[in-house]
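Peer 1: Residue numbers (my numbering): 10 to 313.
For each residue, glycine too, the CB sits at the ideal point set by N, CA and C.
Remember, predicted model here, so these are calculated numbers, not experimental data.
(1) Going by DSSP, what residues sit across from residue 257 in a beta bridge?
(2) Restricting to Cα atoms, I'd like to know which of 151, 285, 308 is closest to residue 245.
(3) Less than 8 Å between the C-beta atoms of residue 165 and residue 77, yes or no?
(4) Could you tell me whether the stretch 258 to 266 touches the stretch 198 to 210, where touching means 3 or more Cβ pairs closer than 8 Å?
(5) Hey, residue 111 and residue 48: beta-carbon distance below 8 Å or not?
(6) Kindly indicate which residue of 273, 269, 247 has the alpha-carbon position closest to the one of residue 259.
(7) Grab the span of the alpha helix (DSSP H) containing residue 166 for me, first residue to last.
(8) What's the C-alpha gap between residue 318 and residue 54?
(9) Kindly give me the distance between the Cβ atoms of residue 247 and residue 239, rounded to whole angstroms, as I take these residues to be in contact under 8 Å.
(10) Whose C-beta lies closer than 7 Å to the C-beta of residue 104 among residues of the same chain, with five residues either side of it excluded?
(11) Which of helix, strand or coil does DSSP assign to residue 179?
(12) Once you ignore the five residues that flank residue 116 on each side, which residues in its own chain have a CB closer than 8 Å to its CB?
(13) Let me know the secondary structure DSSP gives residue 318 once reduced to three states.
(14) Is it buried or exposed, residue 180, if we count other Cβ atoms within 10 angstroms and call 16 or more buried?
(15) Tell me the DSSP secondary structure of residue 86 in three-state form.
(16) In chain order, what residues of the same chain have a beta carbon less than 7 Å from the beta carbon of residue 205, not counting five sequence neighbours either side?
(17) Tell me the DSSP secondary structure of residue 34 in three-state form.
(18) Whole-angstrom Cβ separation of residue 94 and residue 64, contact assumed at under 8 Å?
(19) Alpha carbon to alpha carbon, how far is residue 73 from residue 151? Give it in angstroms, no decimals.
(20) Using DSSP bridges, identify the partner residues of residue 61.
(21) Please report how far the alpha carbon of residue 231 lies from the alpha carbon of residue 67, in whole angstroms.
(22) Mapping the DSSP letters down to three states, classify residue 247 as helix, strand or coil.
(23) Taking its Cβ as the centre, do 16 or more other Cβ atoms sit within 10 Å of residue 312, making it buried, or is it exposed?
(24) Hey, out of 158, 223, 306, 79, whose CA is closest to residue 299's CA?
(25) DSSP state of residue 92, grouped into three classes?
(26) DSSP state of residue 210, grouped into three classes?
(27) What is the DSSP secondary structure of residue 233, reduced to helix, strand or coil?
(28) Can you give me the Cβ contacts of residue 203 inside the same chain, cut-off strictly under 6 Å, excluding the 5 residues immediately before and after it?
(29) Could you check where the beta strand (DSSP E) with residue 118 kicks off and where it finishes?
(30) What does the alpha-carbon distance come out to for the pair residue 118 and residue 134?
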């Protein structure tokens, strides 16, 4: 956890030296972010009876915006009205269109006037006088799934400029600045959703690399493709070789729905002969409920 105090302190209320705080009295609470959820209910529905299940959720905020470190455009802690409760099927995944969350007790008290941030509204009905459906209240639960996606392009998307400016103590060196790695760094990356192939060795040297895959990319999401190659006379460890970004061959319009996969092709030619390569794909986004999807990934190394 990082506490970023951005307000200017005046008078004697200032830190004149590095301090450590926390210890046994320090603790942190956590909200459970949710882009996909599943209401777990054990039901017994006898013929002639029925259980209708609805949920009230609380809005959350995505990890990143188009730039900056402050998070997405969504507003947190707005509880869905009871009249707008979402009808769901128990024990089946629900893919939300907006980020939601189950807030901590502290946030329910301080941000939501003590209201609960998540409710399951189950209505039991029957058309037969002596028959009723049954819910096992000892086996109820909620599964919360968050898509781990952010949008980090520069260090100020990761930390505020104030934190980075203050992070210059000569005695200790930088902490926050060193923890940021650009997308081209041989190792490390501040983005959360990354796919890297293993090192692929070639029987014969190649000079061209082509990458193809089908993807769903909404307007809030981005895909970056990088490669690294190993030449026969390289003495640098493969893991330390920096990545080079590839440019898409032809612009592809955004996807409209989750069935709208579109082919993307990237190619680089005229390279010095290489005997091994790897590919890195970064999936970025500003809305956690709209992550990119990729399938049918292929690479071709050619000697042109």
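Peer 2: Checking against the coordinates, here is how it stands:
(1) 275
(2) 285
(3) Yes; because the gap between Cβ atoms is below 8 Å, this pair is in contact.
(4) no
(5) no
(6) 273
(7) Per DSSP, residue 166 lies in no alpha helix (DSSP H) and is assigned neither H nor E.
(8) Lying before the first or after the last residue shown, residue 318 is absent from the chain, which here runs from 10 to 313.
(9) 5 Å
(10) 45
(11) With a pLDDT of only 47 at residue 179, under the threshold of 50, the placement of this residue in the model should not be trusted; the figure read from the coordinates follows. Residue 179 falls in the coil class under three-state DSSP.
(12) 38, 40, 86, 126
(13) Residue 318 lies beyond the residue range present for the chain, which begins at 10 and ends at 313; the question has no answer from this structure.
(14) Interpretation of residue 180 is limited by its pLDDT of 48, a score under 50 that renders its predicted location unreliable; no figure is taken from the coordinates.
(15) coil
(16) Cβ neighbours of residue 205 within its own chain (closer than 7 Å, five residues either side excluded): 287, 289.
(17) helix
(18) 6 Å
(19) 26 Å
(20) 132
(21) 27 Å
(22) helix
(23) exposed
(24) 158
(25) helix
(26) strand
(27) strand
(28) 291
(29) No beta strand (DSSP E) holds residue 118; the alpha helix (DSSP H) holding it covers 114 to 120.
(30) 34 Å
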